[in-house]
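Residue 186 in my numbering is what sits at position 150 of the sequence shown, and the numbering runs on without skipping anything.
Every residue, glycine too, gets a C-beta built ideally from N, C-alpha and C.
These numbers come from a predicted model, not from an experiment.
Comments concern the structure below.
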Amino acid sequence: MARTVKAIETRYKGYRFRSRLEARWAIAFDAMGLAWDYEPECYDTVSDGWYTPDFFVRTPSDSYPDGGYWVEVKGVRPTAEQYRKLLSVTRHTGHNGAFLYGCLNNPRYMGCCSGELTPDSMDFSAVFAAPFHTIEPDIVDRAITRARAFRFDRR
């Protein structure tokens, strides 16, 4: 019998995240200097129902004005249905998407760009940094270290 782990609802910067992993990614985005919105919009994917991506992370304005990525955070590799939902949102909005999954000790990245799925990457920092152009892989590494070390209030 498969066991599931219940996500720990977590507060950070006035947001109530559905999981501690999502909150840690928000900390990492902050440490990288990336602007983000948490669950900013809900979309009807028609075939797969309603879907709310976890984050919209903006690319630096000198790279792509009004650009950004839909980012979905998962504890495990995304399912085909989750991929279809994110793909539907990317097609509807014109913004690329990405899944960040696994624990922060060994994060994985799977892109959803222009209707294509990019393969899992072993070199997470380099692959994640690429769309943002101004972020060096070592900055990504330091941001993830900071997010892993952050201690949340237990109130």
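Quiz item: With a CB to CB cut of under 6 Å and the five nearest residues on each side skipped, what residues in its chain are close to Ala64?
Solution: Ala179, Ile180, Ala183
Exercise. Starting from Thr46, follow its DSSP beta bridges and name the residues at the other end.
Key: Thr46 is bridged by DSSP to Phe53.
Quiz item: Since Arg94 is in the beta strand (DSSP E), which residue starts that stretch and which ends it?
Solution: 91-94
Quiz prompt | Residues near Met158 by beta carbon distance below 7 Å, same chain, minus five either side | solution = Here the model assigns Met158 a pLDDT of 45, short of 50, so the residue's position is not dependable, and the following value carries that caveat. Excluding residues within five positions, none has a Cβ falling inside 7 Å.
Quiz item: Under a three-way DSSP split, which group does Asp66 fall into?
Solution: helix
Quiz item: Can you tell me whether Ile44 is buried or exposed, with buried defined as 16 or more other CB within 10 angstroms of its CB?
Solution: exposed
Quiz item: So, are the CB atoms of Lys121 and Asp84 less than 8 Å apart?
Solution: Less than 8 Å separates the beta-carbon of Lys121 from that of Asp84.
Quiz item: Does the Cβ of Thr126 have 16 or more other Cβ atoms within 10 Å, making it buried, or fewer, making it exposed?
Solution: buried
Quiz item: Around the C-beta of Arg60, are 16 or more other C-beta atoms found within 10 angstroms, so that it is buried, or is it exposed?
Solution: buried
Quiz item: Where does Asp73 fall in DSSP's three states?
Solution: strand
Self-check item: Bounding residues of the alpha helix (DSSP H) (the contiguous stretch that carries Pro173)
Solution: Note, Pro173: alpha helix (DSSP H), 173-185.
Self-check item: Residue from Asp90, Gly69, Ala67 whose Cα sits closest to the Cα of Glu77
Solution: Asp90
Quiz item: Less than 8 Å separating the beta-carbons of Tyr79 and Tyr87?
Solution: yes
Quiz item: Between the Cα of Tyr137 and the Cα atoms of Ala116, Gly111, Glu117, Ser124, which residue gives the shortest distance?
Solution: Gly111
Self-check item: Beta bridge counterpart(s) of Tyr87 as assigned by DSSP
Solution: Under DSSP, Tyr87 shares a beta bridge with Tyr79.
Quiz prompt | Under the three-state DSSP convention, the category Met158 falls into | solution = Only weak support is given to the placement of Met158: the predicted model assigns it a pLDDT of 45, under 50, and the question is left unresolved by the model.
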